[in-house]
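Before any comments, here is the structure.
In UniProt numbering, the protein residues as written are 1 to 390.
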């Protein structure tokens, strides 16, 4: 009885578990069908052309923002330089009624106002980047400021060119203001480094115009045409200004060149170049060098009496003169470097050359001179070699 009852309970548990598993599987299938038919996936599968255009415009606006960020980083230092230059040119004792500085005094305050407003404009553009209406207004204002700057740009370039030429011909004219500028700025820049900054600012501003044209969202056709015309005009002004800028002035020789260059030549060059003297070719038996004539052969000829001592002596003399013949260096005028080198040579003298050892040729020549004093019928028998190899 107990066994049959346990069997029934096990069957009922199996039926219950089967029903539960079927319900769970059915619920998962319904959830899966619902997920497949969700509207979010349908939107991902089918992207509208408007979304593509918005994505492209977003990339262009990011590029414009990148240019604006770079401009902000450099505009602040440029603005501070204009402020310092304006304060310097406001002092009559430094300007001294010099015409080019008087003209700079009139134009620098205008450049400072444009830079102030432009810096404020680009900082607002970063803050209101999510508001398209405000961005459009700031872009129009920025365009007007850039037009005002480039209306003054040719004047800035011509003034700097005039200053550079005047400073090259008469540097004492700007001595006071140049000294004051160098001593009173944190980077110790000279006056020319401040006066050239408006010229260097032109290419940076032209990048802003080009980036505004690339992002045409919210711009009318007239505004795009106006910006394109402005960019063309700006590039022409940049080209003219770049071609009119003075070239780098080559400095004349100074005292340091006259002293340091001869010192460098003296300590780096081992010796002066010498051109060897041309030696006329002779027959081998008459002009053969002494090094090629064995000393034992000469002594054998002397001992046998068959050699002509006069001819042998002349051969050795010719060989010695051929070995030691060199061309004398060309005589040249003394320069400042020569006196400097001779003075330094007396202080740092080179070691004296060691005396040359007597060669076999010299000993053989000495023996021949001793033999010339002997009687011509005198025969030397078993002459010791004195250490000379036979």
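A virtual CB, placed ideally from N, CA and C, is assigned to each residue, including glycine.
Look at residue i and residue j and say whether their C-beta atoms are less than 8 Å apart.
| i | j | result |
| --- | --- | --- |
| residue 100 | residue 159 | yes |
| residue 194 | residue 81 | yes |
| residue 230 | residue 209 | yes |
| residue 135 | residue 125 | yes |
| residue 399 | residue 115 | Within the shown structure, residues of the chain are numbered from 1 to 390, placing residue 399 beyond reach of any answer. |
| residue 227 | residue 161 | no |
| residue 238 | residue 206 | yes |
| residue 157 | residue 128 | no |
| residue 104 | residue 185 | no |
| residue 121 | residue 145 | yes |
| residue 180 | residue 102 | no |
| residue 183 | residue 98 | no |
| residue 94 | residue 176 | yes |
| residue 202 | residue 241 | yes |
Does the beta-carbon of residue i have 16 or more other beta-carbons within 10 angstroms, so that it is buried, or is it exposed?
| i | result |
| --- | --- |
| residue 236 | exposed |
| residue 90 | exposed |
| residue 75 | buried |
| residue 108 | buried |
| residue 171 | exposed |
| residue 224 | exposed |
| residue 113 | exposed |
| residue 59 | Confidence at residue 59 is low in this model, with a pLDDT of 49, below 50, so the placement of that residue is unreliable and no value is reported for it. |
| residue 167 | buried |
| residue 111 | buried |
| residue 191 | buried |
| residue 234 | buried |
Which stretch, first to last residue, makes up the alpha helix (DSSP H) that contains residue i?
| i | result |
| --- | --- |
| residue 114 | 99 to 127 |
| residue 195 | 191 to 195 |
| residue 171 | No alpha helix (DSSP H) holds residue 171; DSSP gives it neither H nor E. |
| residue 94 | 92 to 95 |
I need the DSSP call for residue i, collapsed to helix, strand or coil.
| i | result |
| --- | --- |
| residue 131 | coil |
| residue 76 | helix |
| residue 219 | coil |
| residue 86 | helix |
| residue 158 | helix |
| residue 187 | coil |
For chain C, find out if any of its Cβ atoms is closer than 8 Å to the Cβ of residue i; answer yes or no.
| i | result |
| --- | --- |
| residue 99 | The displayed structure is made up of one protein chain only, and chain C is not part of it. |
Is it the case that the CB of residue i approaches a heavy atom of the ligand GTP more closely than 7 Å?
| i | result |
| --- | --- |
| residue 224 | Ligands are entirely absent from the displayed structure, and the ligand GTP is therefore not among its contents. |
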